[in-house]
Each structure stands twice: as structure tokens, then as C-alpha cells.
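The structure appears below as C-alpha cells.
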Amino acid sequence: MHEQGIEDAVAKVLTGRMTRRKFMIRAAELGLTVSAAGAILAACANKSVTAVGSPGASAGGATGADTYPVTGPMGDGSGGTLILGQESDMDVLDPALGVGAVTWRTVLYQVYESLATRELNNPEGISGKIVPNITDSIDESPDGTTYTFHLHPGIKFTDGTPFDGEAVKWNVERQWDQSPLGRTNPSHFDPNAAGVRSWFWTPSKLKNIVVVDPQTVRFELGGPFSEFVGGMIEAGLGTMGISSPAIWEKYGTSGIAEHPTGTGPFLFDSRVQGDNVTIVKNPSYWDPSRAAKLDKIIFKVLPDAATRVQALRAGEVHGIFAPPPSELESLKQAGFIVTARINPHLWYLSLNANEAYWKDVRVRQAFWLSIDREGMAKNLLKGTSIAAQNMTGRTSAAYSDSVQYPTYDPDKAKKLLADAGFKDGFDTIFQIPTGGSGEVMPVEMAEWIASNAAKIGIRVKLQTSEWITYLHDWGGGMKPGVGLNQMSWGMTSPYWLNLPLRSNGFNVGHTKIEGMDDLLDAGNEALDPAAAAHAYQLADSLNGEQMWALPIINDLAPVVISPKVMNFVHTPDWWWDYRNVWVKA
Amino acid sequence: MIAYLARRTLATIPTLIGVSIVTFALIKLVPGDPAQAILGPAQTNPQALAAVRHSLGLDQPVTTQYWIWLTHLVSGDLGVSSQFRVPVATILFGKVGNTLILTVGSLVFAITLGLALGITTAVRRGSRYDRGAMFLSLVAASAPVFWIGILLSYLFSIQLGLLPAMGMASATEPSTPLTLLQHLILPAFTNSVISLAVIARIVRSTMLETLAQPYILAARSRGFSTRRVVLGHAFRNVLPDAINITGLQVGYLFGGALFTEVVFNWPGIGSLIYNSIQARDYVMLQGAVLVVSLVFILVNFGSDSARVALDPKAAG
Chain H
1 MHEQGIEDAV AKVLTGRMTR RKFMIRAAEL GLTVSAAGAI LAACANKSVT AVGSPGASAG
61 GATGADTYPV TGPMGDGSGG TLILGQESDM DVLDPALGVG AVTWRTVLYQ VYESLATREL
121 NNPEGISGKI VPNITDSIDE SPDGTTYTFH LHPGIKFTDG TPFDGEAVKW NVERQWDQSP
181 LGRTNPSHFD PNAAGVRSWF WTPSKLKNIV VVDPQTVRFE LGGPFSEFVG GMIEAGLGTM
241 GISSPAIWEK YGTSGIAEHP TGTGPFLFDS RVQGDNVTIV KNPSYWDPSR AAKLDKIIFK
301 VLPDAATRVQ ALRAGEVHGI FAPPPSELES LKQAGFIVTA RINPHLWYLS LNANEAYWKD
361 VRVRQAFWLS IDREGMAKNL LKGTSIAAQN MTGRTSAAYS DSVQYPTYDP DKAKKLLADA
421 GFKDGFDTIF QIPTGGSGEV MPVEMAEWIA SNAAKIGIRV KLQTSEWITY LHDWGGGMKP
481 GVGLNQMSWG MTSPYWLNLP LRSNGFNVGH TKIEGMDDLL DAGNEALDPA AAAHAYQLAD
541 SLNGEQMWAL PIINDLAPVV ISPKVMNFVH TPDWWWDYRN VWVKA
Chain E
586 MIAYLARRTL ATIPTLIGVS IVTFALIKLV PGDPAQAILG PAQTNPQALA AVRHSLGLDQ
646 PVTTQYWIWL THLVSGDLGV SSQFRVPVAT ILFGKVGNTL ILTVGSLVFA ITLGLALGIT
706 TAVRRGSRYD RGAMFLSLVA ASAPVFWIGI LLSYLFSIQL GLLPAMGMAS ATEPSTPLTL
766 LQHLILPAFT NSVISLAVIA RIVRSTMLET LAQPYILAAR SRGFSTRRVV LGHAFRNVLP
826 DAINITGLQV GYLFGGALFT EVVFNWPGIG SLIYNSIQAR DYVMLQGAVL VVSLVFILVN
886 FGSDSARVAL DPKAAG
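Taken in sequence, the protein lines are chains H and E.
My numbering numbers the first residue of the first sequence as 1 and each following residue consecutively.
My numbering numbers the first residue of the second sequence as 586 and each following residue consecutively.
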């Protein structure tokens, strides 16, 4: 039956009776293997390429790094003040405007809650599991175009106003630009919030938000969008935290950041810009069984890595983020605990399609094969990262180890380069920031890549700039002469693949991968989660053959904590939930 | 005198405007704007970038942006920070206070050590101590402040563990005047080094001139002790010059706190300026630079007025 379906579909594609995109959706529905669909796709494109990998049964991989545990000491108890040293200051304490990962994992995620979230406090497995939060359940219509959220009754914002359907609608309207639908945005619409979330709300095809009753909100879409709930969790690097509309009415737009008010297990207490943000336990949290155990958390801003380490050793803080990899061994010996865990982080390269030398796929493959990612993770980054296997978030339901890009092989790389007519190699420019959000050690890592490439004859010259200047260059797309650049991001939602791979995504390299947008659409529109995962894997495999985006490493985001910190579970995502943590006196 | 003060007060206004224009123009030369800083990777969506630029008024001509800022300023509104989304004024004032604490601390070091060094080297002119001290002060005055700060912090905090390495207060213990003092020592000394060297050299040369005066010789010939001659007779005539040069240093200490604050994580206006440049937070940066310039102008104004009060000829 399946075989018959596939043959029919292939025949239809080849005779032009079915679009490639429809074919891919059909292939995904029929459970076609990655390699088989890849081969068919390749045949359709009339190109001879080898399919990558074989189908994976499910998301897999180890729970965390082998080197570091996922948790600190566990045990019952409560109370204490937790002080955590952060590598940079928090930005806007407003869930619609905060963009930095630091802002989310510190204040926003503790103060605000979202309709759905992922399981963060389960130390077992790789959690990409979506769990309702301030909702009791989420219903999806069979045609994938309506999502109904049943809100948990009786929840109040910490300013005393009720959390209800109108509040949900109001929060979405703040960041959802309705002008493409020919409507006027309401007065609480914020173009900055919409800009930050522009990758989500417009592609999600959201058409209407209907408040059925105070406890029920229905989202109506213009067509199926498989990652509607998953993407909403990611929106703007965090969950779509729901803030109290009454605060906006009282203090205006900039008042929200000054008076953060949500429904979360913690309350905003105070902020000194450049120094700290303090939050305290919410004594009347709506679900007492999940209330915060800590009395207080102080997020201390310590941008200098050496200062962070010094503050930890001196007992000034209980934990530090972004520790220098070279210090981890000695901190462990001093009795501190290093935790780490697989999360959606991806440090990747994009190649510039306008540079002549990359036109031949063999040259791109040769460059890829020359990069020793395992060595970089192990030796340069001391096991705080692992070599990336593909572009999909490792915590994603669509992640599969079977979608594995070719392994490091400098000899083969050299041969491919010679076959492509570059026996003596060529010169290229690699743009890189000196630091920045999720960037790990960008310059050292770029130097590693350059020295690897030099061994096969590709002469990579680094061009560094400070983060915002870098973003300016990166965002404008690569200029002539620039061969490659780099970015760090990644999501648990497989919708992520649309951003680095789609011809109208970030597309900083001006690439147009034949068939890519169709595959991504197939994933975005599939009604069955398994079919969606399949389509996304096919898209990732296609990039693995074409090599326009090069996945380098996944950061395990090590954190060093004092043994006094109890119930600390390293997060499997970008943001953290501290409600179970407490500190021993 | 009143006419002089009125004239000087009026003259500060064009100075402040000039400073704010230069600041505004300089930051515009750096690639990247607040909209790009806010959007990060999402800036690859041109509509989103345009919308955020529009909401921040960045799509207006530079002259219009400046004019809007200036007119708001006149009504006492410094604008809203793009990186924190909080009114600039609410952040600025606390930071000015912290920088003033650092400035006063630095001033104490600069004056006491500067005077002591200047006087003792003058008295022991040509000795090994004099030459050594003057060489050191030359090195100190030429060394970058952040380098001195890192060296001192490495030595006293990390190696010896005597003083805290950063911040104004301990996160674990309540802040008291004593803990503040402990946190203040290293950054205040670091910040004072250049002024200290300048004061020491000026005091030394003035003291040398004074010590060569006939009345000093007369005092010595009466058999007074060196201490009494130097501190009792000569120092009085060194004092006006010392006050003058110290007055000039106050502004430098306040403005120069930027490097020290960044090295020691001191939550003052210097750190704020540094972070605002990093985040391309134009509005915050303008407010901060304006405040620093205002302090600079006020201090100069104060020391000039004092000079005029002492010597009306200087009003010219």
C-alpha cells in the first residue's frame, strides 16, 4: 500500500502532476525514509547526490555530557537566598521585549508564565516535552487550523487582577503585527516586540484570537502550522510570558519593565542596572504544590569571567554561568560542582553563495570535511561542548542522530578540493564577533577552523568585530569578498530550521537550496507530528549534502555551583526554572 | 563679580550643546544602531527592522532626532533607554551618586598622597628617593588606568585576598559604611593614580621654587626645624597652586572613572556609558555624557569663581 502510494507520488511528480512540495508532504505522510525521499528528491532535481543517513526512530542521544552531571545535590528542604553570577546584564524586564537569553533564564522565566512550556526540572532524558503551564489543556482541531487553550481557573496576576482570556489576547496583540492582514493594530501593540517575534507570528498564519469565555481562548490560523504551540514557547527566546495588562494601563509601555508583574513563582523585587536584579518568593502562588522553595534570588551582573570565578571562590555568589573552560578542573577540585546538559544551542557557519569558489558543491564539502569539530569540542572547549551532528536542535522531537553530516576527513577533503580544480586552495574571509550572546569563544574557535582549513589549502583570514557591529554586518547579508560568517542560536522547536536554511529566512549567505523551501513547508504544514519530523529531517539532510550551513558545535552551557545549592537541575533549554532550588545555611 | 558669574553661567549652555552634538555625531559613526541591538539575528527581516527603527524615531533625519531630544530635554525629559526600556533619568541619578563616591575617594588619595609625595621629594631634592619617586610618578601617569586596575586587583584581591575584587557591596552581607570603604579602596586608588602623579609633580616644583626664596633661608637661619620651615612657612605659599591644580583634577577624576568602573564593576556612570555604547543606547548615552559634562563644567566654574573671588584681576 505504501509502496503503491510512493510509486504513484513519484510518477505524479515526474510527470508534473504533483508539485515537489506536495510530494514531500505525501512522502512524509507515507513514512518514507530520509534516504529514500532524499534520493527521490535528488532524482527530481536531476542531480546525483548521495543521501545522508537512514531514518531514525526517535529523538535520541545521551542525557547530558558524559563529563559533567546534570544536577547538583538533591534533597528536601526550603529557604535561603540564591546568588547567581551572570555574564551580562539583563535587558528589558518585559516579556514582550526582553531578548537576551540571560534576561529570560534569570528574571522573566521566574516572574512570568506562559500558556505552555517544556519540562525543565526533569533531570532524566532529553526533554523537548511540551507541558501546559497556566493552562489545563490545549486542543488542536483535526485540520490543524485552530488551537483552543483552556486556562487554569482562578489564577490572579500578582497585582491582584485576574488572569483570563482577555489578558492572553492582549499579550499576543502586543507582539503580533496585524497590519499584513489589513487591520489596524490596537494601541497596546508594540512594534519592537513585533520585530523581535517577527519570525513567529506572521509565518504562523494566525488570523484571529477569540476569547470564548474567561477560561477559554481560541487561536484561528489561516492554514495548518505544525509548530504553533512549540513555536509559541520559543517566541523571542523564551516562552510567551503573560504580563498583567493593568500594569500597562497604569504605567504605560516603559512601566512594564519597571514593574514586572506576572503569575510566576517569584516576584520582582528590585533592580540596579549594571549590578543586580533581585526577585523574591511569591507567597500566594496559584499552585502551592509547585511554589518556590527559595526566599530570594539575586542575579548578579559579573561580565568579567575572571571576576566571576573569583566571586565564586570567595563565596560572594553560589553559582556562575559561562565559566572559563580552563578553570573547570580547579573549581571541581576546590569542591564546586560543574553541571552541564544538552540543549538546543548551535554554533554554525554560513557560506556566501555569491563567492565563486563555493559554487562547486565539492569545495563546500571539502571545507566541511576539513573541520575537526570533535577536536575543537574536546581540546579547545574542554568538553563543555559537543560536535554538532546536524542543524536541528538536539532537544527537538525532530532530532535524529541518523541525520549525520559526513565525518571529519582531511584527506578526502584535499582530494575533493583538487577534483574541483582548487589544487592550490584559495583565499577567503571569515567574519566573526569578538564575543556575544551564546558565542562561547568565537575568536579561538574561528582560529581553530582556519588552521584546520589551512591544512587542505584553504587560506581563511579572520575579520573580527564587536558584537553589535558584527550583528550589523551579519544582518545585512555577506558582502562580496566575505566567504563565511557565524551565528549561535537554535531552538527545541524544529521550526528553527526555517531560519538558517530557508531562502527567505536569515539567509545571510544569499543561498537558494533547490527543494529546501518545499521540504520546510512540508514540515511546517504537516498535520501528523511524525510526518512533520520526517520532513524537517529531510530538509536537514538536504543541507548535509549541499553544505551551505555548517553546524559546528553544541554548547553544553556549563554552570558551576556551590555544594550548598540543593535541587539544582541543569536545564535542557535556554531558560531555567528555579522553583525547586533551595540553599543550605 | 556678579556680571562675571552671569557671563560664565550663560557660556556653559553652548558648551553643553556642543558636547551633546559631538557625542551624538560620534556614536552615529559606529556601525549598528539600537534597532539592530534590540533585534539581534531577527534583524534579517527588513520589515521588522524598519518597524523598530520607526518606533525609535531612527528613520528621521539625524538633525530631527537631535532636535526632538533637545526639546524633550528642555522640558526635563531625558527620554527612554532602548536597552532597558526605563526612563533614562531614573537610572542616571543613582549612577551619578556612585561615581561621586568614587570621585571623592580618588580625590582623598590624590590629595594626601600627591601632597606628601610632592613635599617630601622637594625637601630631599636630588636624592635617590626623589629620583625614584619622580620616575614612578612618570610611569604611573603614563600607564593605562585599566592596566593598573587589573594589576592591583590581581595582587590585592586574587593573590593576597585582602580587598574585594569588584562592585560596591558584598552580595551576601548587608552594606555598611565599612564594607563600602573596603570596596572603595582599590578603585579609588586606581582612579587617582594619574591625578596623584600630576599633583605630586606640581607641588614638588612649586615647593622647590618656594624653598629657594630668601624668607625660607631667613627662617632656616633662625634655627627652625626643617618640618616647621617646610610645613609652617613654605607650604602656605604652595597651597594656592595646589588647590588650583586639584580643582582641575576633580573633573578628570569624575570623567576618568569610566575605565576604573569597568575594571572594578563599579556601578557608576562610567560603566553605564560603556554599556550604553555596547548596546548602541543613544538616548542613555546622551543623558550620561550630558551629566558628565555638566559636572566637569560645574567644577571648572567653581574653581574659576574661587580664583576670581581671591584675585578679582582674573575676571578680566
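The beta carbon of each residue, even a glycine, is placed where N, CA and C say it ideally should be.
Problem set entry | Reduced DSSP category for G625 (chain E) - H, G, I as helix; E, B as strand; rest coil | The residue given as residue 625 (chain E) occupies position 40 in the second sequence. Residue state, collapsed to three classes: helix.
Problem set entry | According to DSSP, residues forming a beta bridge with V730 (chain E) | Taking the first residue of the second sequence as position 1, residue 730 (chain E) is located at position 145. V730 (chain E) is not bridged to any residue.
Exercise. Under a CB-based cut-off of 8 Å, is G481 (chain H) close to chain E?
Worked result: What you label residue 481 (chain H) is simply residue 481 of the first sequence in a count that begins at 1. So no, G481 (chain H) is outside the interface.
Exercise. Name the chain H residues whose beta carbon is nearer than 8 Å to that of P599 (chain E)?
Worked result: Looking up residue 599 (chain E) in the second sequence gives position 14. Per Cβ cutoff of 8 Å: no residues; P599 (chain E) is ~31 Å from chain H at best.
Problem set entry | Contact residues within the stretch 260-275 of chain H, judged by C-beta distance below 7 Å to chain E | V272, Q273, G274, D275: these are the residues of the stretch 260-275 of chain H whose beta carbon lies less than 7 Å from some beta carbon of chain E, given in chain order.
For this session: Measure the C-alpha to C-alpha separation of W176 (chain H) and F163 (chain H) and round it to an integer number of angstroms.
Result: Taking the first sequence and counting its residues from 1, one reaches residue 176 (chain H) at position 176. Taking the first sequence and counting its residues from 1, one reaches residue 163 (chain H) at position 163. One C-alpha to the other measures close to 20 Å.
For this session: Determine, using beta carbons only, whether A726 (chain E) comes closer than 8 Å to chain H.
Result: As a first step, residue 726 (chain E) is located in the second sequence; it is residue number 141 there, counting from the start. No, because no Cβ of chain H sits closer than 8 Å to the Cβ of A726 (chain E).
Exercise. Using 8 Å as the limit for Cβ to Cβ distance, is H639 (chain E) near chain H?
Worked result: Sequence index remark: in the second sequence, residue 639 (chain E) carries index 54 (1-based). It does; some Cβ of chain H falls within 8 Å.
Exercise. Residue range of the beta strand (DSSP E) that Q431 (chain H) falls in?
Worked result: Mapped onto the first sequence, residue 431 (chain H) falls at position 431. Unbroken beta strand (DSSP E) run through Q431 (chain H): 426-433.
Exercise. Chain H partners of F669 (chain E), CB-CB under 7 Å?
Worked result: Locating residue 669 (chain E) in the second sequence gives position 84, counting from the first residue. Correct list: D91, V92, A257, Q273.
Exercise. So D159 (chain H) and T253 (chain H) are in contact, right, with Cβ under 8 Å, and what is the actual spacing, rounded?
Worked result: Start at 1 with the first residue of the first sequence, and residue 159 (chain H) comes out as number 159. Start at 1 with the first residue of the first sequence, and residue 253 (chain H) comes out as number 253. The beta-carbon distance between D159 (chain H) and T253 (chain H), rounded to whole angstroms, is 17 Å. This is too long to meet the 8 Å contact definition.
Exercise. Could you check where the alpha helix (DSSP H) with E227 (chain H) kicks off and where it finishes?
Worked result: Counting from one through the first sequence, the residue named residue 227 (chain H) turns up at place 227. Where E227 (chain H) is concerned, there is no enclosing alpha helix (DSSP H), given that its DSSP letter is neither H nor E.
For this session: Check the Cβ of H473 (chain H) against every Cβ in chain E and list those closer than 8 Å, keeping chain order.
Result: The residue labelled residue 473 (chain H) in the question sits at position 473 within the first sequence. Contrary to the premise, residue 473 (chain H) reads as Asp rather than His in this sequence. Result: P616.
For this session: Leaving out five residues on either side along the sequence, give the residues of the same chain with a beta carbon under 6 Å from the beta carbon of M240 (chain H).
Result: Here residue 240 (chain H) refers to the residue found at position 240 of the first sequence. The answer, listed in chain order, is S114, M232.
Exercise. Tell me which same chain residues have a C-beta within less than 7 Å of the C-beta of I587 (chain E), skipping the five on either side of it?
Worked result: In the second sequence, the residue the question calls residue 587 (chain E) occupies position 2. A distance below 7 Å between beta-carbons, with the five flanking residues on each side excluded, links I587 (chain E) to no residue of its chain.
Exercise. Buried or exposed: which applies to F720 (chain E), given that a residue is buried once 16 or more other Cβ atoms fall within 10 Å of its Cβ?
Worked result: Along the second sequence, one-based indexing puts residue 720 (chain E) at 135. With fewer than 16 Cβ atoms within 10 Å of its Cβ, F720 (chain E) is classed as exposed.
For this session: Starting from the Cα of Y405 (chain H), find the closest Cα among H:K412, H:G544, H:H259 and give me that residue.
Result: On the first sequence, residue 405 (chain H) is found 405 positions in, with the first residue counted as 1. If we check each option's Cα against that of Y405 (chain H), H:G544 comes out closest.
Exercise. Is the CB of A196 (chain H) under 8 Å away from at least one CB in chain E?
Worked result: Taking the first sequence and counting its residues from 1, one reaches residue 196 (chain H) at position 196. According to the sequence provided, residue 196 (chain H) is Val. The question's Ala does not apply to it. So yes, V196 (chain H) belongs to the interface.
Exercise. Does the beta-carbon of R598 (chain E) have 16 or more other beta-carbons within 10 angstroms, so that it is buried, or is it exposed?
Worked result: Residue numbering aside, residue 598 (chain E) sits at position 13 when the second sequence is read from its first letter. In the sequence as presented, Arg is not what sits at residue 598 (chain E); that position holds Ile. By the neighbour-count rule (16 or more Cβ atoms within 10 Å), I598 (chain E) is not buried but exposed.
Exercise. Should I653 (chain E) be labelled buried (16 or more other beta-carbon atoms within 10 Å of its own) or exposed?
Worked result: Against the second sequence, residue 653 (chain E) aligns to sequence position 68. Result: exposed.
For this session: Could you tell me which uninterrupted alpha helix (DSSP H) segments, each at least 4 residues in length, are contained entirely in the stretch 707-771 of chain E, listed from first to last along the chain?
Result: Complete alpha helix (DSSP H) runs here, min 4: 713-727, 730-738.
For this session: Measure how close the beta-carbons of L151 (chain H) and T216 (chain H) come, nearest whole angstrom, since I'm counting them as under 8 Å.
Result: In the first sequence, residue 151 (chain H) corresponds to position 151, counting from 1. In the first sequence, residue 216 (chain H) corresponds to position 216, counting from 1. Indeed they touch by this definition, with Cβ atoms about 7 Å apart.
Problem set entry | Buried versus exposed, by CB contacts within 10 Å (16 or more), M478 (chain H) | The count along the first sequence starts at 1 and reaches residue 478 (chain H) at position 478. Result: buried.
Exercise. Between which two residues does the alpha helix (DSSP H) harbouring Y536 (chain H) extend?
Worked result: Your numbering for residue 536 (chain H) matches position 536 in the first sequence. Counting along the chain, the alpha helix (DSSP H) containing Y536 (chain H) begins and ends at 529-546.
For this session: Please list the residues of the stretch 618-629 of chain E that have a C-beta atom closer than 7 Å to any C-beta atom in chain H, keeping them in chain order.
Result: Q621, A622, I623, L624, G625, P626, A627, Q628, T629
Exercise. Taking S451 (chain H) as the reference, which of H:R373, H:E514, H:G393, H:V403 has the closest Cα?
Worked result: Residue numbering aside, residue 451 (chain H) sits at position 451 when the first sequence is read from its first letter. Residue H:R373 is the option with its Cα nearest to S451 (chain H).
Exercise. So the beta strand (DSSP E) Y495 (chain H) belongs to, where does it begin and stop?
Worked result: As a first step, residue 495 (chain H) is located in the first sequence; it is residue number 495 there, counting from the start. No beta strand (DSSP E) contains Y495 (chain H), which DSSP labels as neither H nor E.
Exercise. Which class does H345 (chain H) belong to by DSSP, given the choice of helix, strand or coil?
Worked result: Here residue 345 (chain H) refers to the residue found at position 345 of the first sequence. In the structure shown, H345 (chain H) sits in coil (DSSP, three-state: anything other than H, G, I, E or B).
Exercise. Which partner residues does K156 (chain H) have in the DSSP bridge list?
Worked result: In the first sequence, counting from the first residue as 1, residue 156 (chain H) sits at position 156. DSSP lists H:P162 as partners of K156 (chain H).
For this session: Check the DSSP bridge columns for S270 (chain H) and list the partner residues they point to.
Result: Start at 1 with the first residue of the first sequence, and residue 270 (chain H) comes out as number 270. Looking at the DSSP assignment, S270 (chain H) forms a beta bridge with H:T278.
Exercise. Just how far apart, CA to CA, sit N352 (chain H) and I429 (chain H)?
Worked result: For the purposes of this step, residue 352 (chain H) is taken as the residue at position 352 of the first sequence. For the purposes of this step, residue 429 (chain H) is taken as the residue at position 429 of the first sequence. Using only the alpha carbons, I get a separation of about 10 Å.
For this session: Output yes if chain E places a C-beta closer than 8 Å to the C-beta of T506 (chain H); else output no.
Result: In the first sequence, the residue the question calls residue 506 (chain H) occupies position 506. The amino acid occupying residue 506 (chain H) in the given sequence is Phe; Thr does not appear at that position. Output row for F506 (chain H): interface = yes.
Exercise. So which residues on chain E does M561 (chain H) lean against when the C-beta distance must stay under 7 Å?
Worked result: Here the question's residue 561 (chain H) lines up with position 561 in the first sequence. Note that residue 561 (chain H) is Ile in the sequence shown here, rather than Met. The premise fails here: I561 (chain H) is roughly 15 Å from chain E at the closest Cβ pair, so nothing lies under 7 Å.
For this session: Just the C-alpha distance for L737 (chain E) and G746 (chain E), rounded to the nearest angstrom, thanks.
Result: Along the second sequence, read from residue 1 onward, the residue named residue 737 (chain E) stands at position 152. Along the second sequence, read from residue 1 onward, the residue named residue 746 (chain E) stands at position 161. Their backbone Cα atoms lie some 11 Å apart in a straight line.
Exercise. Is V647 (chain E) close to chain H, meaning its C-beta is less than 8 Å from at least one C-beta of that chain?
Worked result: Taking the second sequence and counting its residues from 1, one reaches residue 647 (chain E) at position 62. No, its Cβ sits nowhere closer than 8 Å to a Cβ of chain H.
Exercise. Between which two residues does the alpha helix (DSSP H) harbouring L833 (chain E) extend?
Worked result: Position 248 of the second sequence holds residue 833 (chain E). Its alpha helix (DSSP H) spans residues 820-840.
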